[in-house]
Every structure is written in C-alpha cells, then in structure tokens.
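Residue numbers (this note's numbering), protein chains in the order written: chain A, 1 to 267; chain B, 268 to 805. Where a beta carbon is used, it is the ideal one built from N, C-alpha and C, also for glycine. A short worksheet on the structure shown next.
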Amino acid sequence: MTSETENQKKRQNGSASNVLLDVENVGITYQLGKESLKAVDSVTFTATKNEFVAITGPSGSGKSSLLRVIAGLQQASSGTVKINGVEVNGPSDEVFMIFQNFALLPWKNVLENIELPLISRDKATPSQANAKAMKVISEVGLTGFEKTYPGELSGGMKQRVGIARALAVEPEILLMDEPFNSLDGLTAEHLRGEVYSMLIGTESPINLVVMVSHNVDEIVELADRAVVMSNRPSKVVADMPIDLPRPRDTGSQRFHYYVDKIYSLLT
Amino acid sequence: MIFQLIAKLFLDTGYSWIRMSLALIISVIFSWIVGVAAARNKFAGNIIIPILDVLQSVPILAFFPVALVVFVAIVPGQVGINLAVIFLIFTSMAWNIAFAVYEAVLSIPQEYLDLASLENLSLWKRFTQLYIPASWSKVAFNAVVSWSVGLFYLISSETFSLGTKNYQVTNGIGVDIARFSSEGLWGQYADALIVLIVAVILTRLFFLGPFSDWSEKFKLVEEPRRMRKDPIYRFYSWVNTKAVSKVFSARMRSTSLETPTPAPHRDKTLRKQPLKRRPIKFTRFHKVLGAIIGVAVLVVVLIEIFSMLIASGVSLSILADKEGTVLVGLAYSFVRVWYVYAISVAVGLPLGIVIATHPKIYQGGSTTLQIVSAVPAVAILPPIATSLANLPNSGELTAAIVIFLGTIWYIIFNVMAGIRSIPSEIFEISKLMRLKGWAYWKNVLIPAALPSFVTGSITGVGAAWNTLIVAEYFSVSGKVITRVSYGVGVLINVAINTGDLVLLGLTVVSMSAVIVAVNLLFWRRLYNYTTKRFAYRR
Numbered sequence: 001m002t003s004e005t006e007n008q009k010k011r012q013n014g015s016a017s018n019v020l021l022d023v024e025n026v027g028i029t030y031q032l033g034k035e036s037l038k039a040v041d042s043v044t045f046t047a048t049k050n051e052f053v054a055i056t057g058p059s060g061s062g063k064s065s066l067l068r069v070i071a072g073l074q075q076a077s078s079g080t081v082k083i084n085g086v087e088v089n090g091p092s093d094e095v096f097m098i099f100q101n102f103a104l105l106p107w108k109n110v111l112e113n114i115e116l117p118l119i120s121r122d123k124a125t126p127s128q129a130n131a132k133a134m135k136v137i138s139e140v141g142l143t144g145f146e147k148t149y150p151g152e153l154s155g156g157m158k159q160r161v162g163i164a165r166a167l168a169v170e171p172e173i174l175l176m177d178e179p180f181n182s183l184d185g186l187t188a189e190h191l192r193g194e195v196y197s198m199l200i201g202t203e204s205p206i207n208l209v210v211m212v213s214h215n216v217d218e219i220v221e222l223a224d225r226a227v228v229m230s231n232r233p234s235k236v237v238a239d240m241p242i243d244l245p246r247p248r249d250t251g252s253q254r255f256h257y258y259v260d261k262i263y264s265l266l267t
Numbered sequence: 268m269i270f271q272l273i274a275k276l277f278l279d280t281g282y283s284w285i286r287m288s289l290a291l292i293i294s295v296i297f298s299w300i301v302g303v304a305a306a307r308n309k310f311a312g313n314i315i316i317p318i319l320d321v322l323q324s325v326p327i328l329a330f331f332p333v334a335l336v337v338f339v340a341i342v343p344g345q346v347g348i349n350l351a352v353i354f355l356i357f358t359s360m361a362w363n364i365a366f367a368v369y370e371a372v373l374s375i376p377q378e379y380l381d382l383a384s385l386e387n388l389s390l391w392k393r394f395t396q397l398y399i400p401a402s403w404s405k406v407a408f409n410a411v412v413s414w415s416v417g418l419f420y421l422i423s424s425e426t427f428s429l430g431t432k433n434y435q436v437t438n439g440i441g442v443d444i445a446r447f448s449s450e451g452l453w454g455q456y457a458d459a460l461i462v463l464i465v466a467v468i469l470t471r472l473f474f475l476g477p478f479s480d481w482s483e484k485f486k487l488v489e490e491p492r493r494m495r496k497d498p499i500y501r502f503y504s505w506v507n508t509k510a511v512s513k514v515f516s517a518r519m520r521s522t523s524l525e526t527p528t529p530a531p532h533r534d535k536t537l538r539k540q541p542l543k544r545r546p547i548k549f550t551r552f553h554k555v556l557g558a559i560i561g562v563a564v565l566v567v568v569l570i571e572i573f574s575m576l577i578a579s580g581v582s583l584s585i586l587a588d589k590e591g592t593v594l595v596g597l598a599y600s601f602v603r604v605w606y607v608y609a610i611s612v613a614v615g616l617p618l619g620i621v622i623a624t625h626p627k628i629y630q631g632g633s634t635t636l637q638i639v640s641a642v643p644a645v646a647i648l649p650p651i652a653t654s655l656a657n658l659p660n661s662g663e664l665t666a667a668i669v670i671f672l673g674t675i676w677y678i679i680f681n682v683m684a685g686i687r688s689i690p691s692e693i694f695e696i697s698k699l700m701r702l703k704g705w706a707y708w709k710n711v712l713i714p715a716a717l718p719s720f721v722t723g724s725i726t727g728v729g730a731a732w733n734t735l736i737v738a739e740y741f742s743v744s745g746k747v748i749t750r751v752s753y754g755v756g757v758l759i760n761v762a763i764n765t766g767d768l769v770l771l772g773l774t775v776v777s778m779s780a781v782i783v784a785v786n787l788l789f790w791r792r793l794y795n796y797t798t799k800r801f802a803y804r805r
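Listed below in structure tokens is the structure:
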C-alpha cells in the first residue's frame, strides 16, 4: 500500500512540464503494391510521468502500428513523436517493449534471454548482466527456471520472461503490445493481477507504461487513462482518465461504468 | 538458318518436356497412393516411410544403367529408352512429393476425418474429396521443386553410353546440349542453353507458377500476408503448413444435402471405423523390430548375391580386390563431397542471410536465383570442362565447380526460407536490443536459420553425391570430356564401359551404404536437435 500512496503522490506532482511522451498528429499509411491504405489518419495525445496509458480501438485501427512508431521501429507517414522533448528517429534509449508473442529467442535459456539486451544494449559486463538478470528473475517469480528454454515453458511463464527482460533494461517508457492476448483466460487474469506492482513498484525505474489492448476489462483493470481510437482511418475519439482506486475491484459499479463507457465508444 | 535451329531446339525441348510431364504425373499419382497409405495406415506407414527415406538418399543415377538395360531388354528400341528416361526422372521427382502428401494427410484436422466417417464416404470419394484437395497445395509446391531436380536427370539421361553402345532418344534438349558440346559447336550449344532457360522460365511463369498460386485457394489455414506473397517462403513452406481445402468443405456440405445418409448406416460406420487417428510414432519396439527385419533381409540378399557370384566363377579374392578399389574411390569421393559442401556453406549461408535480410536485394534476387538455379549443373559442365582443360588438375577443378553448382542452391534457398520465416517480433526485439553486426548474426540470424540450413544441407549433400557421378567422369559418345583420377563416379563409368557388373554393383552398394549411414548417424540427429532447440513454436 505504501507504494500506492507514493505513486499517487508522484502523479499529483505531475504537471504539463512533466510531459514524457508527446504524440503529435501521427498518421500511418501502408503501401500495398500500387494501393495505399491509410490506417491511422491523425492521432494526438501526451503522457506524463507515472502514468499507465492504454490505447484501444477496433481491429485494423492501427494501434499496434502506432505503438511501433512510438518505439521507433516504424516510420510515421506524417506527424512526430517526442520523448522528453526529443523527436524519435529510430529506437531510443528510453524505450523497451513487451510483445504479444513474447519475442523470446528459442535457442537461449531464460537467463541468457534476459542477459542479452543488458550486454548488447546497455554494454554491461557478463557478471553485471548475470547479477541483474538473477535479480529480476526472482522479482517476476521465475526462480528455478534460469536454465529452462522458452519452448519448455507455458505461455504465462514465457510472458514473465518477456516482462523480466524489459524490467532488467530499466526503460523509462515501457510499451506493451497486447501482452496478455496469447495467454489463456485464467493465466492472463493471474498475470494481470501481478503486473501492475511489478512494473510500477517503488523500485521500478519505469515512469510510463503504454499498453495496446482490445480487452476492455483489462484496460479498466490496469490503466490510468484510455485513449480510444476510431475505425480506419483512425482518429482519437476519446482520451479519458480512469479514476479508480487501486487495487481495483473488478466487481464494483464504478468498474462497470468505465467498461460500458469504453464499449460504447468502440461501437 | 538460325530460326530453323531455334525451332528445332524448341521442338526438342517440347519432347523433353513431355517426358518430364509424364514423369511428374506418374510421381503425383504414386505419391497420392503411397502417401495416403502411409498416413492412414499405421502398419503401412511403418514400412513405407523408412523405405522412402532410404530411396530419397541413395544416388539414383548410379542405378540408371541397370534400369536402361532392363527397359531396353523388355521393350527394344526408342520406346524402351524413353521408358528408362521417364523412369529415371520419376525416381528423382517422386519422394519429396510422397512425403508432402504424407505430411498433408497427417495434418488433416480430426473433424474432417470424423465427417468423412459419418458420411460413410467410399475410398474413391475420400480420395477425390478429402485426401487430394487436402494435399493439393503441398503437392503443387513440391512439383516446382521436383521439376528442377528432374531437369538434372533429364539432361543426364537422354543420351547415355553403355560401353561402346550409345543409347539416345531421337529428340530431346539433353541430346542437343551433349552433341553440340562434344563437337565443340559452342554457338549452337549457347543457343540450346538459352532455349532451355527460356523454357524453364516459361514453364515457371505459365504452368507451375499459376498452378501453385491457384492451389493457394485450397488452404484453410492462412499465413500472414507477408508470408503468402513471398515466393521463397511459399516455395519451402510445406514443412509446417496445415492445408485443408475450402473446396472440400463446400463440396462436403453439398454431398450431405444431396444424399442424406440414413442414421443406422452411420452408426455402423462409427463402429467399424475407428474415429481416433493417431499419428505414427516409432516406439523402441518398432525400431528394434524394424532393425531386425532390415538386417535379416540384408543378410539373406547378401548371401544370395555371394552364392550367385561364387557359382558364376567369381572368387572371393577378386571380390575383395574390387572392394578395395571401391573403398579407395569412395574415400576420394567422400572427401570431395565434404570439402565442396564446406565451400558451399561458406558461400551459401552468409549469402542467403544477406539476401533474405535486405528487402531490396530480395525482391529482384529471389526470382533471378530461382531461374539460375533451375539450370542443371550438368548442362553447363561441358564449357567449364573445356575452358579449364589446360590447367593442372583440371578434372579435379571441374568436378569441384560442378558439384558446387549442384549443391549451393539448396543451402541458399533453405537459409533464405529460414530467415524469412522468422516472426517479425524477433526482428523488432533485435532492434530494441541494439543487436548489430556479428552479435546480431551470432545471437539471432544464424541460430534462426539453422533448422532450415540443416534441411538444405541434407538435400544439398544428397545432390552433391548425385552430381558427382557425372562430374567425376563425363563422356559423350565415348569421348571423355573430363575425369578425376580416383572416385566412385569414375568407377561407375569405368564399370559400365567395361561391362564389369560386379564392380558396378559393389560401387553402388558401398556408396549407398555410406550415404545412408551418414544420414542416420549424423544428419538425422542434427536435424532432430536443431528442430527441437532452434525452431519457433514447437
């Protein structure tokens, strides 16, 4: 609970000067042979420190593409993305990502998968990387699975490795692309319950989480704010705060109020 | 004059294409029968799959002289020669198609099989409405592969010397290429080669290409758009695609509407046909049983052959002497195959990775490579041999180059297919991890390419052994164009020319034994290991 009150304190201190992520008039157009397909017309939103922002929209509205533009993995056709006031041009040091299908390397065991970005991205020595990896492994509950290969793990455990890998590199901004979508319902629910405290604990260096999801319950359970996109070519139809105390009671009336509201915006 | 020549070359190619097409049709029919039997009947599967596995790996070109003699003895003249050629091409085309049918039928979802049982479909209807549509797309992909492989055997077999006697079909592009090159008519030879390449491109564009495009419609499980549009990926994607026909499900519905099956009938079917279909699993018991039967058959056959040889006056010492010669040749050829394979890997692995990871190179490169690779190595052997003739060790050099050309495509194409099948998330996480240069190759690209690289190596080394038989010793109408000093290719040709059937038999059997042993002891294990550890989503 102490972490919760501190987070809220942090949030209250947040002001316009604390803008961490600035998405300005971003448009995304695909070239399919001679045809061009406009997925995202124009999206604008900002996010401040200590926020958990969810992006949602109908399928084909380009929400995953938008996340990749923020990550610097994909070029926007128009508009700009700024992180700490600096325009994104390729993957930036502040950003890391958790993927729908985990994106683990099958030929590396759990420990090696987590160590790899520490060595290649953060230039850690092997012993530093090992110490760091062992620490996050215990944080996400993977102790005892260090030498296990991804193929021998269940979906839920694989995503824990994905989370551990992201935590280890200590990004300022963490992007999540449908992180619970390829897990079965029960596993997803379980992991969702733990993920918030893993990501936004007092010790966590993560200052902003941006999650793409089409699961409305998931969004209301986790996010501080929901950015709702329209059908293709998409625009932002709503940017609404979800003002619920944590830990969130999925059975409460307020919870259902938000779920219904987002559903009505989506249809 | 030139138009006359070109017209004749196209006419001859037409004749050759008829042989190829007949062999392909026979291969497909054979594959449907054998593949379905192996997939649907556990007992048949336990026998058929290991046999196909061995037949796929032995160098069939070595058996061609025997087939030729047999066919010409049964049907003398042109008909016999043509039958022998078609038979040889068939033996080069059939195995991968049969495996494709086997895999496709094994991966038919259980619901479809249950439905077929409930509808009480006859065997014929099961074939026409279930097995054939379900395997159609894999057969189409493999037909393209088989066509390229078959071309090598077409060119090698349309004209063939047995001792002093030359067996030759009347019209065929292989005959033209051999004749022009042996007579040093390089202008006409070039024309013939161009006609062959044009024919290959036209066939790809207007026959095999549309055929496999059209067969895409038969797929129920769709791949991501990036994959579907990708020729190399499609070309080699049969390894793990589940193909089931939309046409089938539509027809199935109409069948049930037209002829509703009475209920008691259905119950009988349910009891008669076991609904649970278990994929073939080799237990320890099966393996031991198989090994015992295999060894027993081998021992009986060997005893029979030995007693026949002894009875016909061949002494054991002569046999041992000849086997000694064979083993020396085999050692030379073995080293040759492996060092050329090593060069192919050193060139093909990085080249495949570079092409597959650069979209711009890939766009133009993949089509060009497919066309270039379709030109059989044996067709360009004569100019290589002639231009190198004055160098020291020209025979060795020619053999190495020709074997290299027969091997490298399998490495390149499979590596490319492996890289192209990496999920895009892996490329994205690599960028986020700042993996660059050697670290990127070592941690991501090379491991990701490994399973398909091993597959390519197995087929590539197989192709190397087959090419070697031609590349080590090549003659046209009794005139030796190139040869090495020692090697099984030399022994096979010498044995054929001198009519030494004992030497021929010993060479072919020893060579096949070595190849099968290496496959079982080395490649099979490597394949199992790499697919277990390095493949995505098992």
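Query raised in the report: Is arginine 750 of chain B helix, strand or coil when you go by DSSP?
Result: strand
Requested in this report: Pick out the complete alpha helix (DSSP H) segments inside the region 330–417 of chain B, 4 residues or longer, and give them in chain order.
Outcome: 331–341, 345–373, 377–385 and 390–393
Report task. Would you kindly report the start and end of the unbroken alpha helix (DSSP H) that includes glutamate 590 of chain B? Result -> 583–624
Requested in this report: Using a Cβ cut-off of 8 Å, pull out every chain B residue sitting near leucine 105 of chain A, in sequence order please.
Outcome: Ile693, Asn710, Val711 and Pro714
**Report entry** phenylalanine 52 of chain A: first and last residue of the uninterrupted beta strand (DSSP E) it sits in
**Finding:** 51–56
Query raised in the report: Considering isoleucine 119 of chain A, what are the terminal residues of the alpha helix (DSSP H) in which it resides?
Result: 110–120
Query - C-alpha gap between isoleucine 328 of chain A and valine 209 of chain A, whole angstroms - result: Residue coverage of chain A in this structure runs from 1 to 267, which leaves residue 328 of chain A outside it and unanswerable.
Query raised in the report: Can you find at least 3 beta carbon pairs, one from the region 620–632 of chain B and one from the region 445–463 of chain B, that sit closer than 8 Å?
Result: no
Report task. Quick one: grab the DSSP three-state call for lysine 275 of chain B. Result -> helix
Query raised in the report: Using the C-alpha atoms, what's the distance from valine 775 of chain B back to valine 346 of chain B?
Result: 26 Å
Query raised in the report: Would you say alanine 706 of chain B faces chain A, with C-beta separation under 8 Å as the test?
Result: yes
Requested in this report: Go through its chain and collect everything with a Cβ distance to leucine 37 of chain A's Cβ below 6 Å, but skip five positions before and after it.
Outcome: Tyr30
Query raised in the report: Quick one: what does DSSP say glutamine 74 of chain A is sitting in, helix, strand or coil?
Result: coil
Report task. Give the secondary structure of serine 294 of chain B by DSSP, where H, G and I count as helix, E and B as strand, and everything else as coil. Result -> helix
Query raised in the report: Using a beta-carbon distance below 8 Å, is alanine 131 of chain A in contact with chain B?
Result: no
Query raised in the report: Around the C-beta of alanine 274 of chain B, are 16 or more other C-beta atoms found within 10 angstroms, so that it is buried, or is it exposed?
Result: exposed
Report task. Flag tyrosine 794 of chain B as yes if its beta-carbon sits less than 8 Å from any beta-carbon of chain A, otherwise no. Result -> no
Query - beta strand (DSSP E) segments (min. 3 residues) lying fully within the region 214–252 of chain A - result: 225–229 and 234–241
Query raised in the report: Looking at the structure shown, is serine 579 of chain B part of a helix, part of a strand, or coil, going by DSSP?
Result: coil
Report task. Tell me, please, which residues DSSP counts as bridged to glutamine 100 of chain A. Result -> Answer is none; glutamine 100 of chain A lacks a bridge partner.
Query raised in the report: Out of curiosity, what's the CA-to-CA distance linking glutamate 806 of chain B and phenylalanine 694 of chain B?
Result: No statement about residue 806 of chain B is possible, as the shown extent of chain B runs from 268 to 805 and does not include it.
Report task. Could you check what DSSP says for aspartate 458 of chain B in three-state terms: helix, strand or coil? Result -> helix
Report task. Answer yes or no: does any C-beta atom of chain B fall closer than 8 Å to that of leucine 167 of chain A? Result -> no
Query raised in the report: Looking at C-beta atoms only, is the number of pairs between the region 238–246 of chain A and the region 67–81 of chain A that lie closer than 8 Å three or more?
Result: no
Requested in this report: Return the first residue and the last residue of the alpha helix (DSSP H) that valine 743 of chain B is part of.
Outcome: No alpha helix (DSSP H) holds valine 743 of chain B; the beta strand (DSSP E) holding it covers 740–743.
Report task. For tryptophan 505 of chain B, collect the residues of the same chain with a Cβ closer than 6 Å to its Cβ; drop the 5 residues on either side in sequence, then sort them by chain order. Result -> Low local confidence applies: a pLDDT of 32 at tryptophan 505 of chain B is under 50, so the model's placement there is unreliable, with the coordinate-based value given in what follows. Result list for tryptophan 505 of chain B: Ala367, Lys405 and Phe408, in chain order.
Query raised in the report: So is methionine 157 of chain A in contact with chain B if we call contact Cβ pairs under 8 Å?
Result: no
Query raised in the report: Roughly how many whole angstroms lie between the Cα atoms of alanine 361 of chain B and phenylalanine 419 of chain B?
Result: 14 Å
Requested in this report: Measuring alpha carbon to alpha carbon, tell me which of A/Ile70, A/Leu32, A/Glu87 and A/Glu112 ends up nearest methionine 211 of chain A.
Outcome: A/Ile70
Query raised in the report: Who does methionine 176 of chain A pair with in a DSSP beta bridge?
Result: A/Ile98 and A/Met211
Query - Other residues of its chain near serine 719 of chain B: CB distance less than 6 Å, five sequence neighbours each side excluded - result: Asn681, Ala684 and Gly685
Query raised in the report: Taking only beta-carbon atoms, is alanine 802 of chain B less than 8 Å away from chain A?
Result: yes
**Report entry** DSSP three-state assignment for aspartate 22 of chain A, whether helix, strand or coil
**Finding:** strand
Query raised in the report: Using the beta-carbon of each residue, which ones in chain B are nearer than 7 Å to asparagine 101 of chain A?
Result: Pro690 and Glu692
Query raised in the report: Do leucine 350 of chain B and phenylalanine 338 of chain B come within 8 Å of each other at the CB atom, strictly closer than that value?
Result: yes
**Report entry** Residue range of the alpha helix (DSSP H) that includes lysine 132 of chain A
**Finding:** 126–139
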